[in-house]
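S.K.: Start counting the sequence shown at 169; every next residue gets the next number (our numbering). First, the structure itself, so that you have it in front of you.
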Amino acid sequence: MRWLDKLGEDFTRKIAHTASRRSVLCSISKVLVGSAFIMPVLPIARNARAATDLDTATEEELTSCDYWRYCAVDGFLCTCCGGSATTCPPGSEPSPISWVGTCHNPNDGKDYLVSYHDCCGKTACGRCYCGGQVRERPGYEFFLHNDVNWCMANVNTVYHCTVSIIVGLGKN
Numbered sequence: 169m170r171w172l173d174k175l176g177e178d179f180t181r182k183i184a185h186t187a188s189r190r191s192v193l194c195s196i197s198k199v200l201v202g203s204a205f206i207m208p209v210l211p212i213a214r215n216a217r218a219a220t221d222l223d224t225a226t227e228e229e230l231t232s233c234d235y236w237r238y239c240a241v242d243g244f245l246c247t248c249c250g251g252s253a254t255t256c257p258p259g260s261e262p263s264p265i266s267w268v269g270t271c272h273n274p275n276d277g278k279d280y281l282v283s284y285h286d287c288c289g290k291t292a293c294g295r296c297y298c299g300g301q302v303r304e305r306p307g308y309e310f311f312l313h314n315d316v317n318w319c320m321a322n323v324n325t326v327y328h329c330t331v332s333i334i335v336g337l338g339k340n
């Protein structure tokens, strides 16, 4: 193992002679920033549980504010506006930014992280308004606050309705 220590020491000394602390910190920062852009595109099954849940939900549940996955929704349900619980209606597009809520599923007794995306590009739907405020945080905790027009990131900032996508299990 002495050879490994010697190899590590020689390598470290070589870097110390050729690079400054700033350049090392700059390189580490570049790697960290680059990995932040790569992580969202990695293939992770974030909403694998959503399909099984939606298969068992009735249409009445999906259009009711009392449905468990709508616990933190604030807006019109896309299920009443020509879309579904997870897809925007034709002619509208989902906002790339969203707020997140933690909702309790009474069917399996688990808490789920639910991402709420506003669908943008058409005038407000006007049907099935829900104003859930379960675990809503104050406005200064921006991504946990639902009273924001999340269509601000879209070209067309007109709000139409909201979808709810299960992204994973919450802490139980």
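Quick reminder that beta carbons are idealized off the backbone N, C-alpha and C, glycines included.
Any contact of the stretch 238–248 with the stretch 276–290, i.e. 3+ C-beta pairs under 8 Å?
M.R.: Segments in contact, yes.
S.K.: On the criterion of 16 or more Cβ atoms from any shown chain inside 10 Å, does Val-282 qualify as buried, or is it exposed?
M.R.: By the 10 Å Cβ count, Val-282 comes out buried.
S.K.: I need the straight-line Cα distance from Arg-217 to Ser-332, nearest angstrom please.
M.R.: The pLDDT assigned to Arg-217 is 46, lower than 50, so where the model puts this residue is not dependable, and the model offers no usable value.
S.K.: Please go through the same chain and pick out, in chain order, the residues whose beta-carbon is closer than 7 Å to the beta-carbon of Ala-219, but skip the five residues on each side of it.
M.R.: The predicted position of Ala-219 is uncertain, since its pLDDT is 41 and thus under 50; no value can be drawn from it.
S.K.: What's the C-alpha gap between Ala-321 and Ser-263?
M.R.: The straight-line gap from Cα to Cα measures roughly 7 Å.
S.K.: Would you kindly work out how many angstroms separate the C-alpha atoms of Cys-298 and Glu-229, rounded to a whole number?
M.R.: Whole-angstrom Cα-Cα distance: 13 Å.
S.K.: When you compare the CB positions of Cys-156 and His-328, do they come within less than 9 Å of one another, or not?
M.R.: Residue 156 cannot be examined here, being either before or after the span of the chain that is shown, 169 to 340.
S.K.: Does the distance from the C-beta atom of Lys-290 to that of Ser-266 stay below 9 Å?
M.R.: Going by C-beta atoms, Lys-290 is not nearer than 9 Å to Ser-266.
S.K.: Taking the alpha carbon of His-272 as the reference point, which residue from Lys-339, Ser-195, Gly-251 and Val-326 has its own alpha carbon closest?
M.R.: It is Lys-339.
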